[in-house]
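Trainee:
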Amino acid sequence: MPGVVIGHNADIAWGFTNLAPDTTDLYVERIRGDRWQHGGRLRRLATRVETIEVRGGDDVELTVRATAHGPILSDVAGDLGELVTDAGESGVVPHRGSWEHAVSLAWTALDPHPTADALFALNVAHDWRSFRAALADFAAPGQNVVYADTAGHVGYQATGRVPVRRAGNDGRLPTAGWLPRNDWTGRYVPFDALPRVLDPESGLVVTANQAVVGDRSGYPYHLTDDWDRGYRSARISALLEADDALSVDDMTAVQLDDRNPLAPVLTPYLLRVELPRGYYSDGRELLRRWDFQQPSDSAPAAYFNAVWRHLLELTFHDELPEELWPDGGERWFAVVADLVTRPGDPWWDDVDTTTEVETRDQVLEEAMRAARDELTARLSPNAEEWSWGRLHRLELRNSTLGESGIGPVERLFNRGGWEVAGGGSIPNATGWDAVEGYEVSWAPSMRMVVPLDDLDAARWISMTGVSGHAFHEHYTDQTDLWARGETLPWPFGRAAVDAAAEDELALLPAG
1 MPGVVIGHNA DIAWGFTNLA PDTTDLYVER IRGDRWQHGG RLRRLATRVE TIEVRGGDDV
61 ELTVRATAHG PILSDVAGDL GELVTDAGES GVVPHRGSWE HAVSLAWTAL DPHPTADALF
121 ALNVAHDWRS FRAALADFAA PGQNVVYADT AGHVGYQATG RVPVRRAGND GRLPTAGWLP
181 RNDWTGRYVP FDALPRVLDP ESGLVVTANQ AVVGDRSGYP YHLTDDWDRG YRSARISALL
241 EADDALSVDD MTAVQLDDRN PLAPVLTPYL LRVELPRGYY SDGRELLRRW DFQQPSDSAP
301 AAYFNAVWRH LLELTFHDEL PEELWPDGGE RWFAVVADLV TRPGDPWWDD VDTTTEVETR
361 DQVLEEAMRA ARDELTARLS PNAEEWSWGR LHRLELRNST LGESGIGPVE RLFNRGGWEV
421 AGGGSIPNAT GWDAVEGYEV SWAPSMRMVV PLDDLDAARW ISMTGVSGHA FHEHYTDQTD
481 LWARGETLPW PFGRAAVDAA AEDELALLPA G
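So the sequence shown is numbered by my numbering: it starts at 1 and just counts up by one.
1) Here's the rule I'm using: 16 or more other beta-carbon atoms within 10 Å means buried, otherwise exposed. How should Trp-442 be labelled?
2) Taking Ala-10 as the reference, give the member of Pro-491, Ala-499, Phe-16 with the closest Cα.
3) Use the C-beta contact count for Leu-62: other C-beta atoms within 10 angstroms, 16 or more gives buried, fewer gives exposed.
4) How many Å lie between Pro-141 and Ile-6 at the Cα?
5) Go ahead and pull the three-state DSSP assignment for Ala-148.
6) By a C-beta neighbour count over all protein chains shown, 10 Å radius and 16 as the cutoff for buried, is Leu-394 buried or exposed?
7) Using 8 Å for Cβ pairs, my map puts Arg-372 next to Tyr-438. What's the rounded Cβ distance?
8) Tell me the residue span of the alpha helix (DSSP H) that contains Asn-209.
9) Would the stretch 36-43 and the stretch 65-75 be scored as touching if the rule is three or more Cβ pairs under 8 Å?
10) Quick one: what does DSSP say Trp-388 is sitting in, helix, strand or coil?
11) With DSSP as the reference, identify every bridge partner of Ile-72, one or two as the case may be.
12) If contacts are defined as beta-carbon pairs under 8 Å, then Val-248 and Val-449 qualify, I think. What distance do you get, rounded to the angstrom?
13) Any idea if Val-164 is buried or exposed, counting beta-carbon neighbours within 10 angstroms, 16 or more meaning buried?
14) Keeping to the same chain, check which residues put their C-beta closer than 7 Å to that of Ser-90; ignore five residues upstream and five downstream.
15) What distance in whole Å lies between the Cβ atoms of Arg-232 and Ala-208, which are believed to be in contact at a cut-off of 8 Å?
16) Rounded to whole angstroms, what is the Cα-Cα separation between Val-440 and Gly-424?
17) Going by DSSP in three states, Trp-348 sits in which element: helix, strand or coil?
18) Put His-38 into one of helix, strand or coil per three-state DSSP.
19) Return the first residue and the last residue of the beta strand (DSSP E) that Gly-416 is part of.
20) Taking only the alpha-carbon atoms, compute the straight-line gap between Pro-200 and Ile-236 and give it to the nearest angstrom.
21) Roughly how many angstroms lie between the CA atoms of Ala-125 and Arg-48, to the nearest whole one?
22) Determine the extent of the beta strand (DSSP E) in which Asn-18 is found, giving its start and end residues.
23) Can you have a look at Thr-23 and say buried or exposed, based on whether 16 or more other CB atoms are within 10 angstroms of its CB?
24) Near Leu-455, which residues of its chain fall below 6 Å by C-beta distance, leaving aside the five closest residues on each side in sequence?
25) Quick check on the DSSP output: what are the complete beta strand (DSSP E) runs of length 3 or more inside the stretch 106-143, in order along the chain?
26) Pick out whichever of Ala-139, Phe-120, Asp-453, Ser-130 has its Cα sitting closest to the Cα of Pro-112.
27) Would you kindly work out how many angstroms separate the C-alpha atoms of Ala-118 and Ser-130, rounded to a whole number?
28) Might you give, ordered along the chain, the residues of its own chain that have their beta carbon closer than 8 Å to the beta carbon of Thr-185, omitting 5 neighbours on each side?
29) Starting from Pro-264, trace the alpha helix (DSSP H) in both directions and tell me its first and last residue.
30) By DSSP's criteria, Tyr-27 is part of a beta bridge. Which residues make up the other side?
31) With Glu-201 as the anchor, note down where its alpha helix (DSSP H) starts and where it stops.
32) Where Ser-387 and Ala-306 are concerned, what is the direct C-alpha to C-alpha distance, given to the nearest angstrom?
33) Quick one: what's Gln-157 bridged to in DSSP?
34) If contacts are defined as beta-carbon pairs under 8 Å, then Arg-229 and Arg-331 qualify, I think. What distance do you get, rounded to the angstrom?
35) Could I get the ranges of all uninterrupted alpha helix (DSSP H) runs contained in the stretch 224-295, with 4 residues as the minimum, in chain order?
36) For Val-351, count neighbouring Cβ atoms within 10 angstroms of its own Cβ and tell me buried if that reaches 16, exposed if not.
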């Protein structure tokens, strides 16, 4: 992208988090030959041939078919095609006849829109009005964009092309594509109707994927039901509200805050469960003096997260299919925070045992025993020697050659082994999947703090480096700093840049 996606210019600074609007729907289509059914008549499928050139091999030709809803996905995803043989509206079996069935995708991002131009315009915006004018063309993916300027204003603007659906099709489930009443209206939420605010009374703008409109706000459009539960945004707000004067270091500390929002809820229940003294209780004793923070060297954080992972497995794996096993993220924080208040709830019972009905405290005890055994085997018999970072490691994998399946090649292009702090639903958002293990599965690719009254004092860090070449000195030269929560100076003015420069790149026109 030959422009600045997240950053600042001489007048304004901006950042993104994902709004996650609902902009996709799946349609089950009735197909007969080269036609599809819609509104009681057969319409011709649109087709085109995509040619994929393969270096050292034959070209691969792919025929893409599409209905008016969008391209047919099940042509290229065999498992998806197999699932729609008797699909339709919920509880409705398709009309009997010689139909094939396919799944098409309606998605606003498939319609051309000048999102890249919006970024170029954003780069030269100089105030709130030009900032919003630039974002009016930002179609996909829909974003929360935070704003600050050198005049002292702060603001927020939601972006994205969000479809307005007809009543009766909320897009949550695949729906019958042959019924026109399920089609989109062809209208989209107007940009001027998307949520925005300039200089709120609190003086703060916080966005961390949480809901930006409330159920009772009277907002007239449906953006999504897939909001983050708000643990991160609530913690960030609390930290900002606690201090009237925030420095660059203070803002960096907010980004690196490691407090686990589930820990103060679940820990009291863990401390009340009876465990035998010694081996099985010494891990839990770490929790008595824990501040609920998760730095990489934290022994209680290692124990708590191991308990959490086993608790999810013991509680839910017996009743849920594998594809729905809990990943341990913010939704499951909310589920378990509610469930622990009901010690006899049927969810605690292991359906695979026929002679006993398990209760909450039995499951908590078994989870703590399992966590102790796992950490003994993986880390140390001595609970004081455990650390969260030894479990919660960052592995950086190159998405092309690093996934080649050729061991020596992967070792050349991949890097790993960083012990990191944080976790899911935490401001220091280094997420992990409880089904897979403790390894970091997503994290912020960069951090920045920009003081608008002194742009030369801005700070920045990238997760990797500024070179994509595996043998270059700047391939991952920032990762150690990133993992430690450190940042680098980010000078802006010409004099400050010249003073800080170590290398200079000249881009010259050909000839």
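Don't be surprised by glycine CBs; every beta carbon is placed ideally from N, CA and C.
Mentor: Considering the structure as presented:
1) exposed
2) The shortest C-alpha to C-alpha distance from Ala-10 to any of Pro-491, Ala-499, Phe-16 is the one to Pro-491.
3) exposed
4) 14 Å
5) DSSP places Ala-148 in strand when its eight states are reduced to three.
6) By the neighbour-count definition (other C-beta atoms within 10 Å, threshold 16), Leu-394 is a buried residue.
7) Not confirmed; about 16 Å, so no contact.
8) No alpha helix (DSSP H) holds Asn-209; DSSP gives it neither H nor E.
9) Look at the beta carbons and you see the stretch 36-43 touching the stretch 65-75: at least three pairs across the two are nearer than 8 Å.
10) helix
11) In DSSP, Ile-72 forms a bridge with Ser-104.
12) 5 Å
13) Taking a 10 Å sphere around the C-beta of Val-164, we find fewer than 16 other C-beta atoms and assign the residue as exposed.
14) Low confidence applies to Ser-90: its pLDDT is 44, below 50, so where it sits in the model is not reliable, and the reading given next is rough at best. For Ser-90, where only same-chain residues beyond five positions count, the Cβ hits under 7 Å are Leu-173.
15) 4 Å
16) 9 Å
17) helix
18) strand
19) 415-419
20) Rounded to the nearest whole angstrom, the CA to CA distance from Pro-200 to Ile-236 is 16 Å.
21) So the two alpha carbons sit approximately 40 Å from each other.
22) 12-18
23) buried
24) Phe-492, listed in sequence order.
25) The stretch 106-143 is shown to contain no whole beta strand (DSSP E) run of 3 or more residues.
26) Among Ala-139, Phe-120, Asp-453, Ser-130, the Cα nearest to that of Pro-112 is on Ala-139.
27) 11 Å
28) Pro-163, Val-164, Arg-165, Arg-166
29) Looking at the DSSP string, the run of the alpha helix (DSSP H) that includes Pro-264 is 263-272.
30) Ser-104, Thr-175
31) Per DSSP, Glu-201 lies in no alpha helix (DSSP H) and is assigned neither H nor E.
32) Cα to Cα, the separation comes out at about 11 Å.
33) According to DSSP, Gln-157 bridges with Val-145, Arg-196.
34) 7 Å
35) 231-241, 248-255, 263-272, 279-285
36) exposed
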